[in-house]
Amino acid sequence: MTMLQERAEQALRDVLARYTAGEAAVVNRFFAQPRSSQEYLEMVLRQIGREVQIAHWLPKAARMGEELERGAGRWDLQRFLEQCADEIKHYALLADLAEWLAERKLSAEELRKYEVNAFWDEEVDDRYLHNPHLPEAGRMVDVTRELIEGTPEPIRRGVVKISEGGGGGAFLEATRAQADEFQRRFAAIMGDIASDEMQHGPEQVAGFVKDQVRTEADLDMSVRALTAVMAQHLRVRNEIYGYPLSEQELRSFDLDGSAPS
Ligand SMILES: [Fe+2]
Ligand SMILES: [Fe+2]
30 MTMLQERAEQ ALRDVLARYT AGEAAVVNRF FAQPRSSQEY LEMVLRQIGR
80 EVQIAHWLPK AARMGEELER GAGRWDLQRF LEQCADEIKH YALLADLAEW
130 LAERKLSAEE LRKYEVNAFW DEEVDDRYLH NPHLPEAGRM VDVTRELIEG
180 TPEPIRRGVV KISEGGGGGA FLEATRAQAD EFQRRFAAIM GDIASDEMQH
230 GPEQVAGFVK DQVRTEADLD MSVRALTAVM AQHLRVRNEI YGYPLSEQEL
280 RSFDLDGSAP S
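See below:
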């Protein structure tokens, strides 16, 4: 690894650390006061909206199957399917929890009310790119679309991948909430999700830098793109939890160093 790559890795990790602390603060604030079952349920349903989008990936899995050894690598297919299986598990665990909270079976409309794609994808229907129930998530799609201009595709894709799960801070913080039966069940699920999301996201930093960062310009572009995506991801997290942090508190994470008190 070159000196430039070492610097790049450190810079990217710094951005992740800053925003993942912000995501942890959102979750910490949410659990700092008593919540009704209805508030818990809406929060879980909004989180479900981010996991259920896996449904939009499955046509790609089928295509990779058709193109196996004719353009689709065996291990690329295996890794893709493994991630699909992880996301389906996240969705299924949270959907079971939502039904436990509601004390009844939920309809597809209820479970998929907040379904939203994580990033811009021209093959996905616009109602999943801009779900009116989740304006910040729609804005996230716009941020990734805006990156298309001026950011080479491998860098943009790599950065979006690294940002997955928002650095993991929200999931880890949620594992610490233990005040009632819902929180204990939620914590167990979030712990399970956290270990997957760390592999999907932050653990990809070193590989990304090794493959994609060769020049000072690559470094600048990567840091700028990751900052844009993580800043919006923090707003998405705040939206999922019903806006516990104010805009001013969110903005404190956009500046180096400081966190809200
Ligand atoms: Fe997930
Ligand atoms: Fe994931």
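Residue numbers (the working numbering): 30 to 290.
Each residue gets a CB set at the ideal place from its N, CA and C atoms; glycine is no exception.
Boundaries of the alpha helix (DSSP H) around residue 128: 103 to 131.
If only complete runs of 4 or more residues are kept, the stretch 174 to 220 shows the alpha helix (DSSP H) at 182 to 191, 198 to 203, in order along the chain. Collapsing the DSSP output to three states places residue 163 in coil.
Cβ-Cβ separation between residue 252 and residue 44: approximately 6 Å, consistent with a contact (criterion under 8 Å). Placement of the Cβ of residue 193 at a distance of less than 8 Å from at least one heavy atom of ligand 2 is found. Taking 9 Å as the cut-off, the Cβ atoms of residue 263 and residue 94 do not count as close.
Judged by DSSP secondary structure, residue 272 falls outside any alpha helix (DSSP H); it is assigned neither H nor E. If you draw a straight line from the Cα of residue 182 to the Cα of residue 65, it is about 44 Å long.
Excluding its 5 nearest sequence neighbours in each direction, residue 159 has C-beta neighbours in its own chain below 6 Å: 167, listed in chain order. DSSP lists 101 as the beta-bridge partner residues of residue 97. For ligand 2, no non-hydrogen atom lies closer than 8 Å to the CB of residue 245. Of all alpha-carbon atoms in 87, 82, 194, 193, the one lying nearest the alpha-carbon of residue 145 is that of 82.
DSSP, reduced to helix, strand and coil, places residue 61 outside both helices and strands of the structure shown, so it counts as coil.
Under the 8 Å Cβ criterion, the stretch 212 to 230 does not count as touching the stretch 263 to 283, having fewer than three qualifying pairs. Nearest to residue 233 by alpha-carbon distance, out of 61, 257, 197, is 197. Residue 261 is classed as buried because its beta carbon has at least 16 other beta carbons within 10 Å across all chains shown.
With the rule of 3 Cβ pairs closer than 8 Å, the stretch 116 to 130 counts as touching the stretch 68 to 87.
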